[in-house]
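Engineer:
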Amino acid sequence: MGAPALAPAANAGADDLALRLDGVTVTFDTDHGLLTALQDISLSVRSGEFLTMLGPSGCGKSTLLRTVADLLPVSGGTVSVIGRPASEARRARQISFVFQDATLMPWLSVIDNIRLPLEVGRGNGAIIEAPVPAEELLAMVGLKGRERALPHELSGGMRQRVAIARALICHPKILLMDEPFGALDEIKRDQLNVELLRIWQETGTTILFVTHSIPEAVFLGQRVLMLAANPGRVREVVDIDLPYPRDLALRDQPEFIERAAHLRQVLETC
Ligand code: ADP
Ligand code: MG
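Here it is, written out as structure tokens:
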């Protein structure tokens, strides 16, 4: 297998960083007092990297993504996206989000849902320059011919494809995905995993992908960030040094099973 088209250079310098967290702490003021959701998280993600995140429920995975997207303020530390504060990156539309629920507008067709960020931006005076043509995205996510369909006419997997296309329209530098395939059956999830890797290679976008599934974390990621809970903190960052392109048969290979077993062991200590 050849080297991945988008593999980050081994000597990637600071300029090649998509994301850098330095000592990030996030606390919530709750009825039971202060809750430390994330404690002293430091992490660098190279431009074009695919990083998956695993950890027990409540360890702060969603909080981490929301912090990167500047949807939550940090209580300590700094977040920088492409070398600038996360708030600037958000305003410049360099960050996109895909959630477990596709959150499509039910009255809009597939193509209009994909174009929605352009309309929203117009209202705010934030025009997206040179958006990716919606037709191109439609083909990329395998929905050509379904542009006029309404969300209720689509399967769950198809709705997630629309959500991915919508997230890509503004050429994001970072795509944040919070258990995007968690509600799909295993066959659909596998299919979308393969397609997501293809989309990643085609777009060169940096991806942070949260999952509950060990095989999914290993299959997709170049590295797996493992978080422990109470308070949310980095337990281990595991390199997945398996070449791309990866296909589903990889999951039956000993090198895959070995890495998955290691993650399972670490997860037990989280
Ligand atoms: P995960 O996504 O890993 O399951 P979360 O990031 O959703 O975990 O939550 C981490 C911790 O922070 C949990 O204890 C959760 O209850 C708490 N938490 C998350 N959001 C809020 C909030 N807005 N207010 C108070 N507590 C929160
Ligand atoms: Mg979560």
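Residue 1489 in my numbering is what sits at position 67 of the sequence shown, and the numbering runs on without skipping anything. Glycine included, every Cβ here is placed at the ideal spot set by N, Cα and C.
1. Does DSSP put S1484 in a helix, a strand or coil?
2. Closer than 7 Å: is that where the CB of C1481 sits relative to any heavy atom of ligand 1?
3. Assuming L1473 and G1643 are in contact, meaning their beta carbons sit under 8 Å apart, how far apart are those beta carbons, in whole angstroms?
4. Does DSSP put M1580 in a helix, in a strand, or in coil?
5. Taking A1589 as the reference, give the member of R1513, I1463, I1517 and L1576 with the closest Cα.
6. Applying the 10 Å Cβ sphere with the 16-neighbour rule, what's the burial state of G1567?
7. Taking buried to mean at least 16 other C-beta atoms within 10 Å of its own C-beta, is D1600 buried or exposed?
8. Among R1513, P1539, G1480 and G1445, which has the Cα closest to the Cα of S1497?
9. What is the C-beta distance between D1367 and S1509, in whole angstroms, given that I count them as a contact (C-beta under 8 Å)?
10. Tell me whether D1600 counts as near ligand 2, meaning its Cβ is closer than 7 Å to at least one heavy atom of that ligand.
11. Please indicate yes or no: does the CB of T1633 lie closer than 7 Å to some heavy atom of ligand 1?
12. Tell me, to the nearest whole angstrom, how far the beta carbon of E1471 is from that of A1511; I am working on the premise that it is less than 8 Å.
13. For N1433, count neighbouring C-beta atoms within 10 Å of its own C-beta (all shown protein chains included) and say buried if the count is 16 or more, exposed if not.
14. Output needed for P1430: all residues of its chain with C-beta closer than 7 Å, excluding positions within five of it in sequence on either side, in chain order.
15. Between I1550 and L1597, which are expected to be in contact by the criterion C-beta below 8 Å, what is the C-beta distance as a whole number of angstroms?
16. How is R1668 classed by DSSP in three states: helix, strand or coil?
17. Roughly how many whole angstroms lie between the Cα atoms of F1521 and P1602?
18. Can we say the region 1609-1625 touches the region 1643-1655, given the rule of at least three CB pairs closer than 8 Å?
19. Decide if A1552 is buried, meaning its Cβ has at least 16 other Cβ atoms within 10 Å, or exposed.
20. Tell me which residues share the same chain as K1610 and place their Cβ nearer than 8 Å to its Cβ, disregarding the 5 neighbours each side in the sequence.
21. Shortest alpha-carbon distance to L1685 belongs to which of L1465, L1670, T1452 and G1477?
22. Whole-angstrom Cβ separation of L1465 and L1647, contact assumed at under 8 Å?
23. Is S1466 near ligand 2, with its Cβ less than 7 Å from a heavy atom?
24. For I1586, tell me which candidate among L1606, V1490 and A1524 has the shortest Cα-Cα distance.
25. By alpha-carbon positions, which one of F1450, G1482 and H1454 ends up nearest to C1692?
26. On the DSSP bridge assignment, give the partners of L1647 in chain order.
27. For E1638, count the other beta carbons within 10 Å of its own beta carbon; 16 or more makes it buried, fewer makes it exposed. Which is it?
28. At a threshold of 7 Å, does S1484 count as lining ligand 2 (C-beta to nearest heavy atom)?
Structural biologist: Reading off the structure:
1. helix
2. yes
3. 6 Å
4. helix
5. I1517
6. exposed
7. buried
8. G1445
9. This structure cannot speak to residue 1367, because the chain is shown only from 1423 to 1692.
10. yes
11. no
12. E1471 to A1511, Cβ: 16 Å. No contact.
13. Low per-residue confidence applies at N1433: pLDDT is 46, beneath 50, and the placement is therefore not dependable, though the value from the model is reported in the following sentence. Exposed: under 16 other Cβ atoms inside 10 Å.
14. A caution first: P1430 carries a pLDDT of 44, below 50, which makes its placement in the model unreliable, though a value can still be read off. Within the same chain, P1430 has close Cβ partners D1438, R1468, S1469, G1470 and E1471.
15. The Cβ separation is near 15 Å, so there is no contact.
16. coil
17. 5 Å
18. no
19. exposed
20. S1577, G1578, G1579 and F1603
21. G1477
22. 7 Å
23. no
24. A1524
25. G1482
26. M1475 and V1659
27. buried
28. yes
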